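Q: Here it is, the structure, as structure tokens.
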Amino acid sequence: MPLDPAFTGRSYPPSQPYDVSREKIREFADAIGATSPAYRDTEAAKALGHRDVIAPPTFAIVVSMKTNETVMFDPELELDYSRVVHGDQNFTHHRPITAGDQLVCVAHIDAITSRMGNDMVTVRTEISTVDGEPVTTAKSMLVVRGEDA
Amino acid sequence: MSVEIGTELPALSVRLKRDDLVRYAGASLDFNPIHWNEKTAKDVGLPDVIAHGMLTMAVASRIVAEWIGDPGAIVEYGCRFGRPVVVPNDDEGALVEVTAKVTKDFEDGTVKVNINAAFDGKSVLTGAFARVRVG
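Just so you know, the protein sequences line up as chains A and B, in that order.
In this text, residue positions in the first sequence follow full-length UniProt numbering: the first is 1, and each later residue adds one.
In this text, residue positions in the second sequence follow full-length UniProt numbering: the first is 1, and each later residue adds one.
Right, dumping it as structure tokens:
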């Protein structure tokens, strides 16, 4: 059954704060094979003008994971998770995610469209500090494959 | 730093093996079994276990981070997930070859870098680009 486009514009309540730690950043940098000292060495990060070590550009996906699951498992949306494929992803960084940040995510459904039997859901997650400073806008397009697709 | 349009970034080759996928699953908290369980992958019609699209995207970001020096200069990064990177259970894994080129400059002191990530001779990320602060 196709998704109801009426859910376009739906917003979700703010997430619990996510505490960004130096160790999680290092673990993530290791997992992607990234060697930049800015991810690992506080002094190197400070020399580049950052407050502390910063996170790789795609780390925001970790921060927003729980929020995106809230959307995917929203019972009213009736999205069949087993048919979901990640279609595209975009991060706009208003500033780098930095160790010590406490980040809150707010998810919005920006678009629901259908094409060739597949549904496309665009979820925009606004990531900001607990004090309201914008940090990252993460946009994911999820493709829900149709029964026959 | 002034950057000429057409500048090619130093190329990057990354080999992804099963243990890399398990490590990324743990670091990213994405435990979808199609990224580590052959049976599940085949049950949903995939040829074998595939890499997380987000892992391929993350690995491809390194070409820009290593070139620019300060990864905090990457103000935007986006791509579509065109094809899966199939990772066999052997010592070779899958070779992802990343190339990138500066294609545009903007008045706000940023440049656009187009990124290509290829596996098995075919592009796996479609329209991948980063906008990078250079001024």
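Glycine included, each C-beta is placed from N, C-alpha and C at the ideal position.
Remember, predicted model here, so these are calculated numbers, not experimental data.
1. Taking 8 Å as the threshold (beta carbon to beta carbon), is Gln16 (chain A) in contact with chain B?
2. Let me check understanding here. Comparing Cα to Cα, which of B:Ala94, B:Asp108, B:Leu21 lies closest to Val124 (chain B)?
3. Starting from Gly26 (chain B), trace the beta strand (DSSP E) both ways and give me its first and last residue.
4. What is the residue span of the beta strand (DSSP E) that Met116 (chain A) lies within?
5. Taking the alpha-carbon of Val22 (chain B) as reference, which of B:Val132, B:Ala51, B:Gly121 has the nearest alpha-carbon?
6. For Phe31 (chain B), count neighbouring C-beta atoms within 10 Å of its own C-beta (all shown protein chains included) and say buried if the count is 16 or more, exposed if not.
7. DSSP three-state call for Ser36 (chain A): helix, strand or coil?
8. Please list the partners that Leu46 (chain B) has in chain A, where partner means a Cβ-to-Cβ separation under 9 Å.
9. For Phe81 (chain B), which residues in the same chain have their Cβ closer than 6 Å to its Cβ, ignoring the five residues on either side in sequence?
10. Can you tell me which of A:Glu126, A:Val121, A:Thr136, A:Thr125 puts its alpha carbon nearest to the alpha carbon of Leu142 (chain A)?
11. So, does the segment 64 to 74 of chain B touch the segment 5 to 16 of chain B, judging by three or more C-beta pairs under 8 Å?
12. Would you decide whether Ile32 (chain A) is buried or exposed? Buried here means 16 or more other CB atoms lie within 10 Å of its CB.
A: The short version:
1. The C-beta of Gln16 (chain A) comes no closer than 8 Å to any C-beta of chain B.
2. The residue with the shortest Cα to Cα distance from Val124 (chain B) is B:Ala94.
3. From DSSP, Gly26 (chain B) is part of no beta strand (DSSP E) but of the alpha helix (DSSP H) over 18 to 28.
4. Met116 (chain A) -> no beta strand (DSSP E), and no H or E assigned at all.
5. It is B:Ala51 whose Cα lies nearest to the Cα of Val22 (chain B).
6. The residue in question, Phe31 (chain B), is exposed, as its Cβ has fewer than 16 Cβ neighbours within 10 Å.
7. Correct three-state label for Ser36 (chain A): coil.
8. Near Leu46 (chain B) there are no residues of chain A at all, since even the closest Cβ is about 11 Å away, more than 9 Å.
9. Counting only Cβ-Cβ distances below 6 Å, and skipping sequence neighbours, we find Gly53.
10. If we check each option's Cα against that of Leu142 (chain A), A:Val121 comes out closest.
11. With a cut-off of 8 Å, the segment 5 to 16 of chain B and the segment 64 to 74 of chain B count as touching, because enough Cβ pairs lie within range.
12. Classification of Ile32 (chain A): buried, given that the 10 Å Cβ count is 16 or more.
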